[in-house]
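Novice:
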Amino acid sequence: MSFLLKAQSIWDNFAKYKINHYAKLRNFDFGPNSESSVSKLSPFITHRILSEYDLIYDIKSKYQRKNSTKFVEEIFWRVYWKGSMENRPEVWQNFISEKNLDFDYELYESAINGNTEIDFFNAWVLELKRYNYLHNHTRMWFASTWIFNLGLPWQLGSKFFFKYLFDGDAASNLLSWRWFGGLQTKGKQYLFSSSNLRKFSNNRFNAEKIINKQIFLEELNQIPLEDEIYKSNMDPKSDNLIMFENDLHLATLKNLIPSYKKVFIILLKNEQRQIKLSESVLKFKQDLVSEFVEQFDNVKQIDPCSLEITFKNNKDIDIIYPGVGENYDFITEFKNLNNKKIFNLVRDEDLFAWKFAKKGFFKFKDNIPKINQRIFENYSKNNF
Numbered sequence: 001m002s003f004l005l006k007a008q009s010i011w012d013n014f015a016k017y018k019i020n021h022y023a024k025l026r027n028f029d030f031g032p033n034s035e036s037s038v039s040k041l042s043p044f045i046t047h048r049i050l051s052e053y054d055l056i057y058d059i060k061s062k063y064q065r066k067n068s069t070k071f072v073e074e075i076f077w078r079v080y081w082k083g084s085m086e087n088r089p090e091v092w093q094n095f096i097s098e099k100n101l102d103f104d105y106e107l108y109e110s111a112i113n114g115n116t117e118i119d120f121f122n123a124w125v126l127e128l129k130r131y132n133y134l135h136n137h138t139r140m141w142f143a144s145t146w147i148f149n150l151g152l153p154w155q156l157g158s159k160f161f162f163k164y165l166f167d168g169d170a171a172s173n174l175l176s177w178r179w180f181g182g183l184q185t186k187g188k189q190y191l192f193s194s195s196n197l198r199k200f201s202n203n204r205f206n207a208e209k210i211i212n213k214q215i216f217l218e219e220l221n222q223i224p225l226e227d228e229i230y231k232s233n234m235d236p237k238s239d240n241l242i243m244f245e246n247d248l249h250l251a252t253l254k255n256l257i258p259s260y261k262k263v264f265i266i267l268l269k270n271e272q273r274q275i276k277l278s279e280s281v282l283k284f285k286q287d288l289v290s291e292f293v294e295q296f297d298n299v300k301q302i303d304p305c306s307l308e309i310t311f312k313n314n315k316d317i318d319i320i321y322p323g324v325g326e327n328y329d330f331i332t333e334f335k336n337l338n339n340k341k342i343f344n345l346v347r348d349e350d351l352f353a354w355k356f357a358k359k360g361f362f363k364f365k366d367n368i369p370k371i372n373q374r375i376f377e378n379y380s381k382n383n384f
């Protein structure tokens, strides 16, 4: 079964049988081998096998679920995180450029190997490495333990998640960790209680001995808003297109790709990454890319190291805009070193939603009806 069919099957089952109970059961994590009350679609959404907008459109037009408000809100958190990062890309740059972190290296090694004195934390580390996934509530418990009990830098925790999660998304992962620590919403930290852990882990774990440290994270400088982010445009400007593994949305790209002579997909190796990924995550990404390439005659995967030679005689290059993160850093460096002109192809739904993500989520939430209307207009027009 293809990844797209697998994702659609998971989504169809969740939308038909589980979404009505999502609000009531979503915070429970019964363990990796137990029936889940969440969709577990995040690895596919991160790589846009299915997009956030696909799910939102389906809920209203196909499944017509009345008790889906909470699920839709959680989907919009992903859209909001992306928009927030696009409006403040300096958050990402500060994160990857931070080199002088002060921490106990021996404790850090114990943490990432699941050898601490905290049994439930150790269990989560092993679960993450084995399944490349953690329930969202467990991610919150994990981050709280990492920051406020172990006293380790949140940046290292975020990078640890990046390394092992199949759904490691620059915006959602990074900004969530900032939120856990009290940086994203100033002064609001996430500290869990022993009763919360017992209840929502179905009594699998006990945190009676956990004592949180008084840690207050601060930023030295206020991170500014970008004056203007990209204009929406999906029209070809050149003969060749570059795309990355984090946007493989067949429904929108199947009509665009035939407009190009050649389309090149780039999957960065660890040598080109500032945050190294595990072998299992790189393999998952490679499998997604390989399957996508098979759908088209004019699409091929290209080694990132051969980009300069491949585009030696091309001044202008179109790219499917990959968002703030590793991929865009890579293509920006290539552009600057080789004096190329890059045209970013950005979806209308993305830019329309992102313009409402300049403040907190609840300001963004007020505009969800407008975003929904835009999604329906675009999906109806394009027959997705």
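For the sequence shown, full-length UniProt numbering begins at 1 and goes up steadily by one.
Heads up, the beta-carbon is just placed ideally off N, CA and C, and yes, glycines get one too.
Just so it is clear, the structure is predicted and the values come from calculations on it, not from any experiment.
Rounded to whole angstroms, what is the Cα-Cα separation between Ala111 and Asp350?
Specialist: Roughly 37 Å between the two C-alpha positions.
Novice: Going by C-alpha distance, which of Val346, Gly325 and Ile342 is nearest Met85?
Specialist: Gly325
Novice: Quick check on the DSSP output: the alpha helix (DSSP H) that includes Lys18 runs from which residue to which?
Specialist: No alpha helix (DSSP H) holds Lys18; DSSP gives it neither H nor E.
Novice: For the alpha helix (DSSP H) containing Lys159, list its first residue and its last residue.
Specialist: Its alpha helix (DSSP H) spans residues Trp154 to Tyr164.
Novice: Which residue marks the beginning of the alpha helix (DSSP H) containing Val346, and which one marks its end?
Specialist: No alpha helix (DSSP H) holds Val346; DSSP gives it neither H nor E.
Novice: Should the segment 310-320 be called in touch with the segment 51-68, which here means at least 3 C-beta pairs below 8 Å?
Specialist: no
Novice: Since Leu174 is in the alpha helix (DSSP H), which residue starts that stretch and which ends it?
Specialist: Unbroken alpha helix (DSSP H) run through Leu174: Ala170 to Gly181.
Novice: Count the other CB atoms, across all protein chains shown, that sit within 10 Å of the CB of Tyr17; report buried if there are 16 or more and exposed otherwise.
Specialist: Counting Cβ neighbours within 10 Å, Tyr17 comes out exposed, since fewer than 16 surround it.
Novice: Please report the straight-line C-alpha distance between Asp329 and Asn246, rounded to a whole angstrom.
Specialist: 14 Å
Novice: Apart from the five residues on each side of it in sequence, which residues of its chain come closer than 7 Å, Cβ to Cβ, to Leu5?
Specialist: none
Novice: I'd like the list of long-range same chain contacts for Leu288, defined as Cβ closer than 8 Å, with 5 residues on each side in sequence excluded.
Specialist: Phe3, His47, Ile49, Glu245 and Leu248
Novice: Measuring alpha carbon to alpha carbon, tell me which of Leu150, Asn149 and Gly168 ends up nearest Ser158.
Specialist: Gly168
Novice: Excluding five sequence neighbours on each side, which residues of the same chain lie with their C-beta closer than 8 Å to the C-beta of Lys340?
Specialist: Phe311, Asn314, Lys315, Asp316, Ile317 and Phe334
Novice: Within 10 angstroms of the Cβ of Lys188, are there 16 or more other Cβ atoms? Answer buried if so, exposed if not.
Specialist: exposed
Novice: Excluding the five sequence neighbours on either side, which residues of its own chain have a C-beta within less than 7 Å of the C-beta of Pro322, listed in chain order?
Specialist: Phe244, Asn246, Asp247 and Tyr328
Novice: Whose C-beta lies closer than 6 Å to the C-beta of Lys163 among residues of the same chain, with five residues either side of it excluded?
Specialist: Leu277 and Ser278
Novice: Could you tell me which residues DSSP puts in a beta bridge with Val263?
Specialist: Leu241 and Val299
Novice: Closest to Leu126 by C-alpha separation, out of Asn113, Asn136 and His137, would be which residue?
Specialist: Here the closest residue by C-alpha is Asn113.
Novice: Pull up the distance between the alpha-carbon of Phe200 and that of Ala357, whole angstroms please.
Specialist: 31 Å
Novice: Let me check one thing: in DSSP terms, what residues is Asn233 bridge-paired to?
Specialist: Val346
Novice: In chain order, what residues of the same chain lie with their CB nearer than 8 Å to the CB of Leu101, ignoring the 5 residues before and after it?
Specialist: Pro153, Gln155 and Leu156
Novice: Is the segment 21-30 close to the segment 135-147, with three or more CB pairs under 8 Å?
Specialist: yes
Novice: Using beta-carbon positions only, say whether Asn372 and Lys60 come within less than 9 Å of one another.
Specialist: It is a contact, given that the beta carbons lie within the stated cut-off.
Novice: Along the chain, where does the alpha helix (DSSP H) containing Asp102 start, and where does it finish?
Specialist: Element bounds for Asp102: n/a, residue is neither H nor E.
Novice: In this structure, does DSSP put Ile118 in helix, strand or coil?
Specialist: coil
Novice: Taking the alpha-carbon positions, what's the Lys103 to Phe296 distance?
Specialist: The amino acid occupying residue 103 in the given sequence is Phe; Lys does not appear at that position. Rounded to whole angstroms, Phe103 to Phe296 spans 49 Å at the Cα level.
Novice: On the criterion of 16 or more Cβ atoms from any shown chain inside 10 Å, does Leu220 qualify as buried, or is it exposed?
Specialist: For Leu220, the predicted structure reports a pLDDT of 47, less than 50, and the residue's modelled location is therefore unreliable. A value from the coordinates is still provided. Exposed is the call here.
Novice: Which residues does DSSP list as the beta-bridge partners of Asp316?
Specialist: Lys341
Novice: With 16 other CB atoms within 10 Å as the buried threshold, where does Lys82 fall?
Specialist: buried
Novice: With 16 other CB atoms within 10 Å as the buried threshold, where does Pro43 fall?
Specialist: buried
Novice: Just to confirm the assignment, what range does the alpha helix (DSSP H) spanning Pro304 have?
Specialist: Taken as a continuous stretch (DSSP letters only), Pro304 belongs to no alpha helix (DSSP H), as it is neither H nor E.
Novice: Secondary structure at Leu277, three-state DSSP: helix, strand or coil?
Specialist: coil
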